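Here's the structure, in structure tokens; my notes come after.
Okay, here's the thing in structure tokens:
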């Protein structure tokens, strides 16, 4: 890590008009190819949830980066024209405390699963 930067776990949820789940999955896979830092996510025909680590100075910077992610990759990844409907940014310590021992289910890095 660069001096002054911390790790933040981001959960970004987007949603909108229904799309084909197969098309949503394909778009998420293209997004993961473009941004290999994406750890995992869930999706359905009308929403997607992405989880990943962000390196930033503070929570506000990590949140700002997360809020731009979907829009910045909408065209290049063929993402649905959905809007951000939820955002959670946790520092590394809080995320790890929440995750152990019975925290969120683990999904393989780059793994996508339906809701």
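Residue numbers (this note's numbering): 25 to 139. Beta carbons are placed, not taken as given, at the ideal position from N, Cα and C, and that holds for glycine. Just so we're clear, the structure is a prediction, and the values are computed from it rather than from any experiment.
If you draw a straight line from the alpha carbon of residue i to that of residue j, how long is it in whole angstroms?
i          : j           : result
residue 66 : residue 139 : 6 Å
residue 58 : residue 113 : 21 Å
residue 77 : residue 33  : 5 Å
residue 44 : residue 28  : 42 Å
residue 96 : residue 120 : 29 Å
residue 71 : residue 48  : 9 Å
Taking residue i as the reference, which of the options has the closest Cα?
i           : options               : result
residue 116 : 137, 83 and 70        : 83
residue 31  : 122, 135, 118 and 123 : 118
residue 41  : 111, 125 and 105      : 105
residue 137 : 33, 73, 39 and 60     : 73
residue 46  : 68, 56 and 60         : 68
Is residue i helix, strand or coil by DSSP?
i           : result
residue 130 : Residue placement at residue 130 is flagged as unreliable, the pLDDT there being 48, under the threshold of 50; a coordinate-derived value is accordingly withheld.
residue 94  : helix
residue 81  : coil
Does the separation of the CB atoms of residue i and residue j fall below 9 Å?
i           : j          : result
residue 108 : residue 35 : no
residue 111 : residue 90 : yes
residue 123 : residue 54 : no
residue 103 : residue 51 : yes
Counting only beta-carbon separations shorter than 9 Å, does residue i have a partner in chain D?
i          : result
residue 47 : The structure shown contains no chain D; it holds only a single protein chain.
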